[in-house]
Amino acid sequence: MPARRNNEDRARWRSKCRCMLSNHLEQKLGLHIEPSQVRLVPTSNDPYRWKYPPRLQKLFTKNMSDQSIGVYKILCREIEVKKSIIAVAQDESGGLDEGATSDDERPRSSEPELGPLLTTEQLQIENQKLSKEVLLLHDQATHAQEEADRKDREIEQLRQEIQKSTSTRDYFQAYLQRCSQQVENASKLLESLNRELRCDIAVILS
Numbered sequence: 001m002p003a004r005r006n007n008e009d010r011a012r013w014r015s016k017c018r019c020m021l022s023n024h025l026e027q028k029l030g031l032h033i034e035p036s037q038v039r040l041v042p043t044s045n046d047p048y049r050w051k052y053p054p055r056l057q058k059l060f061t062k063n064m065s066d067q068s069i070g071v072y073k074i075l076c077r078e079i080e081v082k083k084s085i086i087a088v089a090q091d092e093s094g095g096l097d098e099g100a101t102s103d104d105e106r107p108r109s110s111e112p113e114l115g116p117l118l119t120t121e122q123l124q125i126e127n128q129k130l131s132k133e134v135l136l137l138h139d140q141a142t143h144a145q146e147e148a149d150r151k152d153r154e155i156e157q158l159r160q161e162i163q164k165s166t167s168t169r170d171y172f173q174a175y176l177q178r179c180s181q182q183v184e185n186a187s188k189l190l191e192s193l194n195r196e197l198r199c200d201i202a203v204i205l206s
């Protein structure tokens with residue numbers, strides 16, 4: 001089942017890649033070529049050639065049917081997203097030898113498929129991108145931690161100030177209670193002295 005699924009995926013991507021190349025030929029040069037007839041290595045009778053950056057040169061050394069699913073995906077991305085593969089008329093400069101034969105006539109290459117190499121290159125690019133994202137997230141996390149620590153210090157400072165204020169309040173409340181008690185005791189003493197004084201005056205007057 002896995003092998004069958006892989007073959008189905010490869011066929012689906014090959015068909016998608018052929019369709020994208022066919023559409024590009026029609027849009028760029030006005031050539032209506034069936035997807036099944038599109039070649040990565042055009043023959044001398046084909047009215048088109050492919051222009052591409054040097055990094056993609058190895059992709060155009062094999063027939064379409066000999067490529068791996070990884071190459072199909074890269075071709076689709078380069079055509080649709082990066083726009084780095086361009087069709088030109090046969091008389092314009094191209095990146096391929098005009099003596100190449102068709103997909104069906106050309107012998108299959110004994111060299112290893114390019115898919116793993118290209119996939120490794122892609123993984124390296126993705127790894128660099130992820131490394132940058134990790135560094136960015138690390139910086140953000142560090143900043144967030146520093147901000148959280150600062151907030152904790154502010155909260156602790158406020159707690160200490162509240163505790164200090166509470167202690168001061170408790171001190172003055174206790175002091176006020178002592179003063180009130182002393183005033184109350186003094187009032188009672190004064191009242192007692194007044195009673196004794198009145199008694200003494202009454203005795204003297206009698």
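Heads up: the sequence shown at position 97 corresponds to 97 in UniProt numbering, and the numbers run straight through without jumps.
The beta carbon of each residue, even a glycine, is placed where N, CA and C say it ideally should be.
Next item on the list: Report the rounded CA-to-CA distance for R4 versus C76, giving the unit in angstroms.
Entry: 23 angstroms
Check: Exposed or buried, which one is N63 when buried takes at least 16 other CB atoms within 10 Å?
Finding: buried
Next item on the list: Report the partner residues of Y48 according to the DSSP bridge assignment.
Entry: A89
Next item on the list: In the DSSP assignment, find the alpha helix (DSSP H) that holds G70 and state where it starts and stops.
Entry: 69 to 80
Margin query: In chain order, what are the residue ranges of uninterrupted beta strand (DSSP E) at least 3 long that sit wholly in the segment 176 to 204?
Written below: none
Check: Can you tell which of K129, P54, V203, K28 has its C-alpha closest to the C-alpha of I86?
Finding: K28
Item checked: Closest Cα partner of residue 282 within the set R150, Y52, S187, S44 -> Because the chain spans 1 through 206 in this model, residue 282 falls outside it and cannot be assessed.
Notebook entry, point to check: H24: buried (16+ other C-beta within 10 angstroms of its C-beta) or exposed?
Noted result: buried
Item checked: Rounded straight-line distance, which links the Cα of Y48 to that of V88 -> 6 angstroms
Item checked: As assigned by DSSP and simplified to three states, the class of T166 -> helix
Check: Just how far apart, CA to CA, sit H143 and W13?
Finding: 45 angstroms
Next item on the list: Take the Cβ of R150 as the centre, count every other Cβ of all protein chains shown within 10 Å, and call the residue buried at 16 or more, exposed below.
Entry: exposed
Check: What separation, rounded to the nearest whole angstrom, lies between the Cα atoms of residue 207 and L21?
Finding: Given that the chain is displayed from residue 1 to residue 206, the structure contains no residue 207 and the question cannot be resolved.
Checklist line | Neighbour-count burial assignment, I125, 16 or more Cβ in a 10 Å radius | finding: exposed
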